[in-house]
Amino acid sequence: MKNREIVLKLAWRNVWRNKRRTILTLLTIIVGCSVILFQNAVAKGGHDRMIEDAAATNTGHIQIHEKGYWDNRTIDYAFQPENKLINALKNDERISGYTLRVHAEGLLSFKNSTAGTMIQGVDPVTEKSVSNLHSKILKGGRYLLPGDRNSIIMGMTLAKNIGANVGDTISMISQGFDGSIAAERLTVVGLFNAGNQEYDQGMIIMPISQAEETFSMMGYIHSIALRLRSSSDTGVVRGNIKKHIDNKIIEVLGWEELMPEMVQFIVMDDVNAYIFDFILFMIVAFGILNTIHMSIFERMREFGIMLSIGTAPRQVMGMVLCESLIITILGIIGGLGLGYAVCYYFYVNPLDFSGYANEMAVLSINMLVVPADASMLNGIVTAMVTLILCLLFSVFPARKAAKLNPIDAIRHL
Amino acid sequence: MQISIKNLYKNYQLNGLEVPAIRGIDLTIKKGEFSAIAGPSGSGKTTLLNIIGGLDRPTAGEIRVGNDDLNKLNQKELSDLRLHRIGFIFQAYNLIPVLTALENVEYVLLLQGVLKEERTTRSTRILEEVGLGEYINRFPKELSGGQQQRVAVARAIVSEPEIILADEPTANLDQKTGALLLDLMHDLNHKKNITFLFSTHDQMVMEKARRLVYLTDGTSNSDTFRGHGHFKDNKIKKKSKKKSN
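Top to bottom, those sequences are chains A and B. Under my numbering, the first residue of the first sequence carries the number 15, and numbering increases by one thereafter. Under my numbering, the first residue of the second sequence carries the number 388, and numbering increases by one thereafter.
Listed below in structure tokens is the structure:
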């Protein structure tokens with residue numbers, strides 16, 4: 015391939031013949047690539063933050079229940095975790111924390127108000143390694159402490175709805191694990207603002223020791239919630255846990271199953287992003303098509319001369335493809351450079367939507383601070399798709415140039 | 388090596404009609420000729436040149452370049468024929484604009500696979516011969532029309548083809564520059580025994596050619612030979628070293 019050098023040289027010089035056109039085309043690719051990179055980075059950053067926020071607030075990345083609990087969510091589906099399972103959780107480096115919980119539903123009553131509630135019994139110490147609710151206690155209250163008995167914390171909206179406040183004692187009535195009536199007087203020690211309507215409007219949290227007693231759990235619990243160091247380990251850790259349990263009796267669910275509405279939201283959001291990406295990719299590809307097409311149209315006679323003096327058609331085609339390749343690669347380099355730079359800025363200074371918290375809450379969107387997380391993969395995919403599309407869109411004009419009839423081409427001025 | 392054309396016909400399709408461009412031409416061009424094909428517009432000059440150069444195919448008749456029957460060559464073989472055995476000079480804008488004079492000349496050698504050192508030496512020498520020694524690193528747009536045509540001549544002869552086909556090479560030049568270019572080609576013909584075949588409207592080219600084939604309506608109606616002695620060699624040398632306009 016001794017002619018590669020001249021093909022490259024010709025292509026390079028041809029690219030810079032019409033500087034303005036080349037620069038405009040480059041700008042199209044640069045802006046296109048960087049916008050695609052940025053928007054995918056914001057989407058990924060947003061989704062990751064959403065998953066993390068949701069997992070951190072209360073759900074965790076993985077939950078272990080008796081089989082059937084998650085579908086029915088009644089007090090009857092409880093289990094006693096075996097030591098084997100607990101040891102496996104303790105020994106897995108990827109798990110940053112786990113906590114045992116008791117769940118129930120009941121009726122709260124304070125003065126003349128009553129409200130339905132979700133009751134969660136937690137260990138005040140281990141709970142902090144899974145949930146960050148302890149950091150969301152409103153001023154004037156406190157989180158649960160070891161040794162607390164009848165103390166509860168409750169969602170701020172729920173408290174407002176029944177008119178309760180820190181220090182008030184409220185009545186709770188529910189059903190115990192053994193079928194008995196569970197009734198208790200509980201003192202509110204703190205209110206939380208979880209940023210999640212479901213929790214804020216309907217949840218109370220009590221010490222698990224009290225919950226065991228109130229609901230006659232007899233050593234049974236409803237769930238173990240796990241927090242992982244990285245949400246991407248969910249599948250592996252889940253698989254590992256399954257080896258230590260009787261899968262006929264116990265279920266292990268990842269965050270995708272625990273929060274299917276979030277997965278749906280992400281899928282929908284991704285589809286929107288793909289449509290946007292597609293449009294941008296098309297703009298970029300048509301930009302290249304237009305440029306190459308124009309440059310060929312202007313150079314018909316030149317191609318005619320080249321073909322007449324013995325240039326092989328495939329060399330002409332190679333040259334045109336090379337021109338497109340040069341512009342595309344320069345554009346991609348510029349686009350990724352700009353894209354990553356913008357992403358880095360918005361990674362360090364995340365997009366802040368907290369001013370729109372109320373509007374977002376209506377849409378059940380809890381992510382208020384979104385960092386742009388541009389992964390390597392994002393850049394590679396953007397670059398490859400741009401490259402392939404631009405080359406595909408150049409093949410047609412390049413073939414046209416190669417297939418020119420020299421006589422007609424020379425007459426063309 | 389010679390070019391022989393027997394009973395050549397070429398028809399074009401124009402709006403569904405067969406339009407004859409060449410109607411039965413017989414012609415033999417021998418090694419070392421300096422010949423011109425003249426005739427009014429539409430008489431088939433360029434078509435004939437294109438067919439000889441393998442750029443176009445005849446409707447009927449035989450055309451041989453050396454031992455090769457062009458009718459039997461495929462597109463790739465025709466492309467190779469043009470690369471190795473035929474030199475082309477067109478009216479104007481002959482050169483690849485993004486290559487310098489030297490690179491334009493080298494281009495053909497490069498396509499032929501000649502090694503770099505030899506390429507540069509040969510191309511530089513040829514450019515010096517056509518009087519452009521000082522301009523080898525200029526781009527076409529930095530050269531005058533006459534100088535550009537000289538580069539085209541240099542490119543056509545650098546690979547030592549068997550024949551050079553020049554389609555109205557002086558048409559875009561002024562009288563004086565045209566004359567200088569013609570002198571240069573005549574000189575090359577004389578010294579290197581390179582065969583030139585022109586198509587032309589230009590009275591001066593017709594006068595200086597040693598053989599004039601006159602075409603009308605796609606047939607040859609006269610074929611005149613003239614002797615040497617038309618040019619004075621000393622005078623040509625001087626002129627060819629001067630810058631043309």
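Glycine included, C-beta positions come from ideal geometry on N, C-alpha and C.
Worksheet item: So, using beta-carbon positions, are Y234 of chain A and G204 of chain A closer together than 8 Å?
Response: No, Cβ-Cβ distance for Y234 of chain A and G204 of chain A is not below 8 Å.
Item to complete: List the DSSP bridge partners of I259 of chain A.
Response: Bridge partners of I259 of chain A: none, in fact.
Discussion item. Counting only Cβ pairs nearer than 7 Å, list the residues of chain A close to S466 of chain B.
Written reply: G324 and A326, listed in chain order.
Worksheet item: Just to confirm, are K399 of chain B and A447 of chain B a CB contact at a threshold of 8 Å?
Response: Before going further, note that residue 399 of chain B is Tyr rather than Lys in the sequence given. Cβ distance not < 8 Å, so Y399 of chain B and A447 of chain B don't count as in contact.
Item to complete: Could you confirm whether any beta carbon from chain B is found closer than 8 Å to the beta carbon of E270 of chain A?
Response: It does not: the Cβ of E270 of chain A has no partner Cβ on chain B nearer than 8 Å.
Discussion item. Tell me which residues share the same chain as D214 of chain A and place their Cβ nearer than 6 Å to its Cβ, disregarding the 5 neighbours each side in the sequence.
Written reply: If the five residues before and after D214 of chain A are omitted, its C-beta is found closer than 6 Å to the C-beta atoms of G169, M170, T171 and A208, all from its own chain and listed in chain order.
Discussion item. My output table needs one value for Y359 of chain A: the three-state DSSP class, helix, strand or coil.
Written reply: DSSP places Y359 of chain A within a helical segment (H, G or I) once states are collapsed to three.
Worksheet item: Between T183 of chain A and the rest of its own chain, which residues show a CB-CB distance below 6 Å, the 5 nearest in sequence each way excluded?
Response: Hits under 6 Å: R199 and T201.
Worksheet entry | From B:F585, B:T611, B:D413 and B:F421, residue whose alpha carbon lies closest to that of T433 of chain B | Residue nearest to T433 of chain B within the set B:F585, B:T611, B:D413 and B:F421 is B:F585 (criterion: CA-CA distance).
Discussion item. Please report the distance separating the alpha-carbon of T507 of chain B from that of N576 of chain B.
Written reply: About 23 Å.
Worksheet entry | Residues, ordered as in the chain, of the stretch 16 to 34 of chain A that lie near chain B by beta-carbon distance below 9 Å | Listed by position, the residues of the stretch 16 to 34 of chain A near chain B (Cβ gap below 9 Å) are K16, N17, E19, I20, K23, L24, W26, R27, N28, W30 and R31.
Fill in: Ordered list of alpha helix (DSSP H) runs contained in the stretch 464 to 528 of chain B, each at least 4 residues
Counting whole runs of 4 or more residues, the stretch 464 to 528 of chain B contains the alpha helix (DSSP H) stretches 488 to 499 and 503 to 516.
Worksheet item: Can a CB atom of chain B be found closer than 8 Å to the CB of P420 of chain A?
Response: Yes, P420 of chain A lies at the interface with chain B (some Cβ there is under 8 Å from its Cβ).
Worksheet item: How is the alpha helix (DSSP H) around S12 of chain A delimited, first residue to last?
Response: The structure shown has nothing for residue 12 of chain A, since chain A only spans 15 to 427.
Discussion item. Is the separation between the beta-carbon of N580 of chain B and that of K418 of chain B shorter than 8 Å?
Written reply: Yes, these two residues count as a Cβ contact at 8 Å.
Worksheet item: Is it right to say M282 of chain A is buried, meaning 16 or more other beta carbons lie within 10 angstroms of its own, or is it exposed?
Response: Burial check for M282 of chain A: the Cβ neighbour count within 10 Å stays below 16, so the residue is exposed.
Fill in: Delimiting residues of the alpha helix (DSSP H) encompassing G46 of chain A
Element bounds for G46 of chain A: K33 to A68.
Discussion item. Under 8 Å: do the stretch 333 to 347 of chain A and the stretch 405 to 413 of chain A share three or more Cβ pairs, one atom per stretch?
Written reply: Under the 8 Å Cβ criterion, the stretch 333 to 347 of chain A counts as touching the stretch 405 to 413 of chain A, having at least three qualifying pairs.
Item to complete: Report the partner residues of I20 of chain A according to the DSSP bridge assignment.
Response: None, per the DSSP bridge assignment.
Worksheet entry | Contact with chain A by G403 of chain B, beta-carbon distance below 8 Å | Closer than 8 Å: no.
Worksheet item: Taking Cβ positions only, does N559 of chain B come closer than 8 Å to chain A?
Response: So no, N559 of chain B is outside the interface.
Item to complete: Quick one: give me the first and last residue of the beta strand (DSSP E) that P420 of chain A is part of.
Response: No beta strand (DSSP E) holds P420 of chain A; the alpha helix (DSSP H) holding it covers P420 to R425.
Worksheet item: Under 7 Å Cβ-Cβ, which residues of chain A neighbour F475 of chain B?
Response: The contacting residues are S322 and I323.
Worksheet item: Do the stretch 134 to 144 of chain A and the stretch 97 to 116 of chain A make contact, defined as three or more Cβ pairs closer than 8 Å?
Response: Remark: three or more beta-carbon pairs, one from each stretch, lie closer than 8 Å, so the stretch 134 to 144 of chain A and the stretch 97 to 116 of chain A are flagged as touching.
Item to complete: Hey, could you find the ends of the beta strand (DSSP E) E119 of chain A is sitting in?
Response: Per DSSP, E119 of chain A belongs to the beta strand (DSSP E) from I109 to F124.
Worksheet item: Applying the criterion that 16 or more other CB atoms from any shown protein chain within 10 Å of the CB defines a buried residue, is W269 of chain A buried or exposed?
Response: Counting of Cβ neighbours within 10 angstroms places W269 of chain A among the buried residues, the total reaching 16 or more.
Worksheet item: What whole-angstrom Cβ distance do D284 of chain A and A57 of chain A have, given they're in contact under 8 Å?
Response: Between A57 of chain A and D284 of chain A the Cβ distance is about 7 Å, and since that is below 8 Å, they are a contact.
Worksheet item: What residue range is occupied by the uninterrupted beta strand (DSSP E) comprising R87 of chain A?
Response: Neither: R87 of chain A is in no beta strand (DSSP E) and is coded neither H nor E.
Fill in: Contact check, L121 of chain A vs I187 of chain A, beta carbons under 8 Å
Inclusion of L121 of chain A and I187 of chain A in the CB contact set at 8 Å is warranted, their separation being smaller than that value.
Worksheet item: In terms of residue numbering, what span does the beta strand (DSSP E) encompassing F585 of chain B cover?
Response: Taken as a continuous stretch (DSSP letters only), the beta strand (DSSP E) holding F585 of chain B covers T582 to T587.
Discussion item. By DSSP's criteria, Y601 of chain B is part of a beta bridge. Which residues make up the other side?
Written reply: B:A425 and B:S609, per the DSSP bridge assignment.
Discussion item. So, with DSSP's three-state summary, where would you put H577 of chain B?
Written reply: Helix at H577 of chain B.
Worksheet item: Cβ of G351 of chain A within 8 Å of Cβ of D467 of chain B?
Response: Taking C-beta atoms as the reference points, G351 of chain A and D467 of chain B fail to come closer than 8 Å.
Worksheet item: By how many angstroms is the C-alpha of L401 of chain A removed from the C-alpha of K626 of chain B?
Response: A caution first: K626 of chain B carries a pLDDT of 41, below 50, which makes its placement in the model too unreliable to give a value.
Practice prompt. Check the C-beta distance from I264 of chain A over to I78 of chain A and give it rounded, since I have them as a contact under 8 Å.
Written response: About 6 Å separates the two Cβ atoms, so the contact holds.
Worksheet entry | Proximity to V136 of chain A [Cα-Cα], best of A:K262, A:S223 and A:D67 | Closest by alpha carbon: A:S223.
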